[in-house]
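Trainee: Counting in this note's numbering, the sequence shown runs from 15 upward without gaps.
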Amino acid sequence: MDRFAFVAATSPLDAPDMPAGTRVRYFAPAPALAPFATGYNCYGAVAEAPRADPFLPMMAMVNVLIDAGPVAVTIGRHRFDPVPQVALYGSMTRPIHAQTRGGLMIGAGISPLGWGRLASRRSAADFHNRVVPVGAMFGTGWGERLAAALAGAGTDMEIPAILDRHLAPLFGTPHPQEALIAAFGAIVVEDGAPDIATAAERLGISTAALRRLSLRFFGLPPKPLLRRARFLRSFLRETGLDGAGRTGEIDRSYFDRSHYLRDANDFLGTTPRRFLSAPADFLRGSAVARLRTLGIPFQALQHVDPASPAIHEG
Numbered sequence: 015m016d017r018f019a020f021v022a023a024t025s026p027l028d029a030p031d032m033p034a035g036t037r038v039r040y041f042a043p044a045p046a047l048a049p050f051a052t053g054y055n056c057y058g059a060v061a062e063a064p065r066a067d068p069f070l071p072m073m074a075m076v077n078v079l080i081d082a083g084p085v086a087v088t089i090g091r092h093r094f095d096p097v098p099q100v101a102l103y104g105s106m107t108r109p110i111h112a113q114t115r116g117g118l119m120i121g122a123g124i125s126p127l128g129w130g131r132l133a134s135r136r137s138a139a140d141f142h143n144r145v146v147p148v149g150a151m152f153g154t155g156w157g158e159r160l161a162a163a164l165a166g167a168g169t170d171m172e173i174p175a176i177l178d179r180h181l182a183p184l185f186g187t188p189h190p191q192e193a194l195i196a197a198f199g200a201i202v203v204e205d206g207a208p209d210i211a212t213a214a215e216r217l218g219i220s221t222a223a224l225r226r227l228s229l230r231f232f233g234l235p236p237k238p239l240l241r242r243a244r245f246l247r248s249f250l251r252e253t254g255l256d257g258a259g260r261t262g263e264i265d266r267s268y269f270d271r272s273h274y275l276r277d278a279n280d281f282l283g284t285t286p287r288r289f290l291s292a293p294a295d296f297l298r299g300s301a302v303a304r305l306r307t308l309g310i311p312f313q314a315l316q317h318v319d320p321a322s323p324a325i326h327e328g
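Structure follows, in structure tokens:
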């Protein structure tokens, strides 16, 4: 599959109003993989002219470049140039600024439950705000096989089945803490999320155990994880990117707007208005397309229902 074929295709679930020569499309994983893969996406741009796009801080993701020019990514003060063809993006507390020259970027999000099922058992915190070759977590050869399969796809509708097929073997072994991981994930996305002591009490564990759990599977200590989710909920509402028509609304746990703007500086490096004042076509398109396909506009706010029957099932 090349960038021309992808951009020329259409779907009712596409992001509308994208500039000519670009397209954003999201896909749902197979139901059995949904607790472990947060969703699949494909961004496409035909023109090889340099472009710059911001993306919000996120959970872990595998990203594959197909028919693409060189890609460089800046995260905070760190620059990853060039990005590997098949890369693992760790959990982020800073925005991603991508510099691209056309092509396809195909992604698969990895949930905290998914991370727990990966055979390597490395802590998600090892990859915080980093972009590394996917072999660092998935082993030699896996990324090459995935890239070859995606490059050989005839249409974009083949993307989810290809990703399902390559990810399923990685998620086959349940982790004994899955119920606890899911329960904490549910707390993270609550409006007015509790403080660390209250969260630990609700989970029936110590604050030290909660910190270990948060670092190992979510990639961040619990306090910045809860702050990131609160900020992203508010950012999406305030800007209208959540699709709910609540423009201007922020999380009730903020004391005032200045409190919210301090979080914006921490997680965006600027104000929300300035962040979106630069071209952000793929960011805006991603929120709409993801909402249409997966029901949640942003990956870092997606977590699994602790009552899901998939938990503890192989």
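Backbone N, C-alpha and C define an ideal beta-carbon position, used for all residues, glycine too.
Between which two residues does the alpha helix (DSSP H) carrying N279 extend?
Mentor: That run of the alpha helix (DSSP H) goes 271-282.
Trainee: Nearest to R336 by CA position, among A207, L79, E215, P45, is which residue?
Mentor: Not covered by the structure: residue 336. The range shown for the chain is 15 to 328.
Trainee: DSSP state of A66, grouped into three classes?
Mentor: A66 falls in the strand class under three-state DSSP.
Trainee: Less than 8 angstroms between the C-beta atoms of H142 and L234, yes or no?
Mentor: Yes.
Trainee: Taking Cβ positions, are L177 and Y54 nearer each other than 8 angstroms?
Mentor: Against a cut-off of 8 angstroms, the Cβ pair of Y54 and L177 comes out as a contact.
Trainee: Tell me, to the nearest whole angstrom, how far the beta carbon of M75 is from that of G121; I am working on the premise that it is less than 8 angstroms.
Mentor: Rounded, the Cβ-Cβ distance is 5 angstroms, consistent with contact.
Trainee: In the DSSP assignment, what are the bridge partners of N55?
Mentor: Looking at the DSSP assignment, N55 forms a beta bridge with Y40, G121.
Trainee: For Y40, which of P320, A303, G309 has the nearest alpha-carbon?
Mentor: Out of P320, A303, G309, A303 has the C-alpha closest to the C-alpha of Y40.
Trainee: Alpha carbon to alpha carbon, what distance is there between L27 and P311?
Mentor: Taking the straight line joining both Cα atoms gives about 13 angstroms.
Trainee: Classify T187 as buried or exposed, calling it buried when 16 or more other Cβ atoms lie within 10 Å of its own Cβ.
Mentor: T187 comes out exposed.
Trainee: Which residues share a DSSP beta bridge with R93?
Mentor: Per DSSP, T88.
Trainee: With DSSP run on the structure shown, which of helix, strand or coil describes L229?
Mentor: DSSP places L229 in helix when its eight states are reduced to three.
Trainee: Is the CB-CB distance between I195 and L227 below 8 angstroms?
Mentor: Against a cut-off of 8 angstroms, the Cβ pair of L227 and I195 comes out as a contact.
Trainee: Would you call the segment 163-180 and the segment 128-140 in contact, with 3 or more CB pairs under 8 angstroms?
Mentor: Result no; under three Cβ-Cβ pairs closer than 8 angstroms.
Trainee: Within 10 angstroms of its Cβ, does F18 collect 16 or more other Cβ (buried), or is it exposed?
Mentor: Per the 10 Å Cβ criterion, exposed.
Trainee: Could you have a look at P21 and say whether DSSP puts it in helix, strand or coil?
Mentor: Reading the sequence as shown, one finds Val at residue 21 and not Pro. It is helical.
Trainee: How many angstroms separate the CA atom of P183 from the CA atom of G123?
Mentor: Near 16 angstroms, if we compare the C-alpha coordinates of G123 and P183.
Trainee: When you compare the CB of P98 with every CB in chain C, is at least one pair closer than 8 angstroms?
Mentor: Of the chains in the structure shown, none is chain C; there is only one protein chain.
Trainee: Taking the alpha helix (DSSP H) that A214 falls in, what are its first and last residues?
Mentor: Note, A214: alpha helix (DSSP H), 210-217.
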